[in-house]
Amino acid sequence: MVHPYDRSKLFLLLTSLFASIINSVFASVVSTGNFSSDFHITWSPGHVITSSDAHSRSLLLDNESGSSFASNDKFLFGQIDMQIKLVPGDSAGTVLAYYATSDRPNRDEIDFEFLGNVSGQPYILQTNIYANGSGDREERIYLWFDPTKDYHTYSIFWNIYQIVFMVDWVPIRVFRNHAGKGVAFPGWQPMWIKASLWNGDSWATRGGRNKVNWSKGPFVAWLRNYKVDACVWKGRPRFCRAGSRGNWWNQRKFESLTWRQRRLFKWVRKYYLIYDYCQDTNRFLQDELPRECSLPKY
């Protein structure tokens, strides 16, 4: 006969084991929205200002230092949203980066980079993708609004089929998984989420011709209301790659853009695209363009 106390212990043990299994299989997390609990400062704490409720954070750049922070967890597939208001006024030479990276020599990386400009000129949004350590996949667009006047949502949607960059839910770039055709795709390395504000005046504004005007500093960018719904890395990639209900992003309905998303994507490409590495025949000879350039985007 099992003593009631022993039955209670057995029940608690089984409950704990079941919860552990569920946590491993359905490893999705919806973030708390608290910068202090979900992220840590990686560069210049005095230049990172967090609100009292920890729901917003500012990054500062001056002639002494830039600033950055990174997520406490690593993720493999999911969606990341961040509301950002960019450096106003003369922001030439400044770069705000918001990205996911595995931080290895053969790193995978998914980048938003906001390139500052002289007053009155449009901001440039550059995106880039590294797969197995190889990058050089830059695209640049002008935004259809002033990103310094208000917050806008910048999203990374990443699953086993594709990577989609979105601005206010409008897809601005798609990178499909063509690994079966010899194109490296970020599909196995978990990534941290990071943001940084730094001096990129050697290249960021008109190829480095416009330098940072330090008399206009300190330069400030604001971030708030982030949401991370992604697979938390626990050392088992097959759980993050599975098409379970917990891993909603891997469901077949997210294999490609929807009809409406395709219309918006084509609109951005037609009116706002200013640079596409796949069209740069000065950089790559016509017969040496990266292989994905000749393959479908959706």
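Under mature numbering (1 follows the signal peptide of the UniProt record, and there is no 0), residues -27 to -1, 1 to 271 are what the sequence shown spells out, in order. For every residue, glycine included, the Cβ atom is placed at its ideal position computed from N, Cα and C. Note that this is a predicted model, so its numbers are computed, not measured.
When C-alpha distances from Glu82 are compared across Leu88, Asn105, Leu116, Ile97, the shortest belongs to Asn105. When rounded, the separation of the alpha-carbon atoms in Trp131 and Asn172 is 28 angstroms.
Under the 8 angstroms Cβ criterion, the stretch 106 to 125 does not count as touching the stretch 202 to 214, having fewer than three qualifying pairs. For the pair Gln56 and Arg146, the CB atoms are not nearer than the 7 angstroms cut-off.
Looking at Asn186, Ser64, Arg113, the one whose alpha-carbon comes closest to that of Ser92 is Ser64. Between the stretch 252 to 269 and the stretch 146 to 160 there are three or more C-beta pairs closer than 8 angstroms, enough to call the two in contact.
For Gly51, the three-state secondary structure derived from DSSP is strand. By the Cβ criterion, the stretch 116 to 134 is in contact with the stretch 219 to 238, since at least three pairs of Cβ atoms, one from each stretch, lie closer than 8 angstroms. Within the same chain, and ignoring the five residues on either side of Val156 in sequence, the residues whose Cβ sits closer than 6 angstroms to its Cβ are Arg264, Glu265. Excluding residues up to 5 positions away in sequence, Asn150, Glu228 lie with their Cβ nearer than 6 angstroms to the Cβ of Tyr134 in the same chain.
Around the beta carbon of Gly89, a 10 Å sphere encloses 16 or more other beta carbons of the protein chains shown; the residue is thus reported as buried. When the five nearest sequence neighbours on each side are left out, the beta carbons in the same chain lying within less than 7 angstroms of the beta carbon of Asp54 are those of Thr126, Ser128, Tyr199, Lys200, in order along the chain.
Arg209 and Lys189 have their C-alpha atoms roughly 48 angstroms apart. When C-beta atoms of the stretch 31 to 50 are compared with those of the stretch 173 to 193, three or more pairs fall below 8 angstroms, so the two segments count as touching. Looking at the DSSP output, Leu69 bridges to Phe87, Leu170. Partner residues in the beta bridge of Ser107, as assigned by DSSP, are Ala104.
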